[in-house]
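The structure under discussion appears below in the form of structure tokens.
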Amino acid sequence: MNRREILQGSTALAVAAAAGIKPAAAQSPIVIKFSHVVTPDAPKGKASQKFKELAEKYANGKVKIELYPNSSLYKDKEELEALQLGAVQLLAPSTAKFGPLGFTEFDALDLPFIFHDEAAFRQFAASDLARKMFEKLEANGVKGLAYWDNGFHVMAANRPIHHVKDFQGLKLRIQGSKVLNATTRAWGAIPQVMAFSEVYQALQTGVVDGLENVPSNIWTQKFYEVVKYIAVSHHAHLSYAVVTNKKFWDGLPADVRPPLEKAMAEASDYFNAIAKTENDEALEEIKKTGKVQVYPLTSEERRSWLQAVLPVHKEMENRIGKDVIDALYKIVDFRPDA
Ligand code: LMR
Numbered sequence: 015m016n017r018r019e020i021l022q023g024s025t026a027l028a029v030a031a032a033a034g035i036k037p038a039a040a041q042s043p044i045v046i047k048f049s050h051v052v053t054p055d056a057p058k059g060k061a062s063q064k065f066k067e068l069a070e071k072y073a074n075g076k077v078k079i080e081l082y083p084n085s086s087l088y089k090d091k092e093e094l095e096a097l098q099l100g101a102v103q104l105l106a107p108s109t110a111k112f113g114p115l116g117f118t119e120f121d122a123l124d125l126p127f128i129f130h131d132e133a134a135f136r137q138f139a140a141s142d143l144a145r146k147m148f149e150k151l152e153a154n155g156v157k158g159l160a161y162w163d164n165g166f167h168v169m170a171a172n173r174p175i176h177h178v179k180d181f182q183g184l185k186l187r188i189q190g191s192k193v194l195n196a197t198t199r200a201w202g203a204i205p206q207v208m209a210f211s212e213v214y215q216a217l218q219t220g221v222v223d224g225l226e227n228v229p230s231n232i233w234t235q236k237f238y239e240v241v242k243y244i245a246v247s248h249h250a251h252l253s254y255a256v257v258t259n260k261k262f263w264d265g266l267p268a269d270v271r272p273p274l275e276k277a278m279a280e281a282s283d284y285f286n287a288i289a290k291t292e293n294d295e296a297l298e299e300i301k302k303t304g305k306v307q308v309y310p311l312t313s314e315e316r317r318s319w320l321q322a323v324l325p326v327h328k329e330m331e332n333r334i335g336k337d338v339i340d341a342l343y344k345i346v347d348f349r350p351d352a
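When we follow this note's numbering, the leftmost residue of the sequence shown carries the number 15, and every step to the right adds one.
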């Protein structure tokens, strides 16, 4: 039986058994695979390393955390499927990766201009809405552990994007979220969904002309080598949700789960404390290379981006749920004219 037949014909449990995955309680030490798509020196790489150090220390050698950075184990969409099957235990995907798997409420976090500052995202992360969104994951075997705030996107491209009219015909790599698709089209650009690990080559070969991302990713993935212009637009936010396999987590021995929860809380504080500085520093490093022109949008230019994409909020009501969008507006004090 090949892997595809196993996946099609069996329950997640049978797949886990076929892959030799033992329940946590039967392992010594318990091995926790933490897979992600960025480099070890990006904020997520550093926070996963911090979690490893703290978790192994607090659990007194009862767990071993194995880190798999840079999509070395799974790419974007595969990693969430692998988590549901029990082949990996921890991930920290951007919330844009959840919509394509049917968790469409998460698309709300990609609505353009939804967060006007870092405090607004933190208010969401501490809200009932954020907790309820995690609860929805549980019916599908996924447990949310923490939200991580990786700050605001800039737009990197092979031509200057200042006014919204500059987007016309630009091929932009996007993550899978339908909101990002609608936003890109509303700007007049052409969206192309692509795994993070494929972006460098796609930029280099002209398969795409640009992408939105945070400066720390543009720096650590060396995208600055293959784009020429960055518009500091802060038009959208990069949010991560740290997730685990619910059955695995719930099955952890009583003397292991609390130390891991403590380690996760501290690693989350660490992530949220370093990400903004790392992004600011990365932008300075990118400028210093002299390879990229970094341009802060004027307020008039930024407004032209905003006006073009505001209708996307309404357009996405059916997919996300009007109740979810309204609740989010309230939590973040959504003020599109601010
Ligand atoms: C992307 O796919 O663009 C990023 O969200 C990758 C990441 O996890 O930061």
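Note that the Cβ used here is the ideal one computed from N, Cα and C, for glycine as well.
Close Cβ partners of residue i (< 7 Å) along its chain, the five nearest in sequence each way excluded
i, result
"Val-346", "Ile-128, Phe-129, Ala-134, Gln-137, Phe-138"
"Phe-117", "Lys-150, Leu-151"
"Ala-281", "Ala-61, Lys-64, Phe-65, Leu-68"
"Thr-303", "Tyr-238"
"Glu-315", "His-176, His-177"
"Asn-16", "With a pLDDT of only 38 at Asn-16, under 50, the local geometry of the prediction cannot be trusted, and no value is derived from it."
"Ala-200", "Ala-322, Val-323, Pro-325, Val-326"
"Val-193", "Asp-121, Asp-124, Leu-125, Val-326, Met-330"
"Glu-119", "Met-147, Lys-150, Ile-334, Gly-335, Val-338"
Short Cβ contact (9 Å threshold) for residue i with residue j
i, j, result
"Ala-255", "Thr-109", "yes"
"Lys-91", "Pro-114", "yes"
"Pro-174", "Leu-320", "no"
"Asn-293", "Asn-195", "no"
"Ser-49", "Leu-104", "yes"
"Ala-73", "Ala-277", "yes"
"Ala-279", "Ser-230", "no"
"Val-168", "Val-228", "yes"
"Asn-259", "Gly-100", "yes"
Residues of its chain near residue i, where Cβ-Cβ distance is below 6 Å and the 5 sequence neighbours each way are ignored
i, result
"Val-52", "Lys-58, Gly-59"
"Gly-202", "Phe-181, Gln-182"
"Val-102", "Lys-47, Ser-49, Ala-96"
"His-248", "Phe-166"
"Ala-31", "Residue confidence for Ala-31 is low, a pLDDT of 48 falling below 50, so the modelled location carries little weight and cannot support an answer."
"Ala-209", "Lys-89, Asp-90"
"Gln-218", "Val-240"
"Trp-263", "Lys-157"
"Asp-340", "none"
"Tyr-284", "Ala-61, Lys-64"
Beta-bridge partners of residue i, as assigned by DSSP
i, result
"Glu-80", "Lys-47"
"Glu-226", "Met-169"
"Ser-108", "Tyr-254"
"Asp-163", "Ser-253"
"Val-11", "Nothing in the structure corresponds to residue 11, since the chain is present only between 15 and 352."
"Pro-205", "Leu-186"
"Ile-244", "Ala-170, Val-308"
Cβ-heavy atom distance, residue i to the ligand LMR, below 8 Å
i, result
"Lys-185", "no"
"Thr-210", "The question names Thr, but residue 210 in the sequence shown is Phe. Indeed, a heavy atom of the ligand LMR lies less than 8 Å from the Cβ."
"Asn-55", "For the record, residue 55 in the displayed sequence is Asp; it is not Asn. Answer for Asp-55: no, Cβ out of range of the ligand LMR."
"Pro-205", "no"
"His-249", "no"
"Lys-261", "no"
"Leu-99", "no"
"Asp-121", "no"
"Ser-282", "no"
"Leu-94", "no"
"Pro-114", "no"
"Asn-293", "no"
"Lys-91", "no"
"Val-213", "yes"
"Ala-106", "yes"
"His-327", "no"
"Gln-189", "yes"
"Asn-154", "no"
"Asn-164", "yes"
"Val-221", "no"
"Asn-195", "no"
"His-176", "no"
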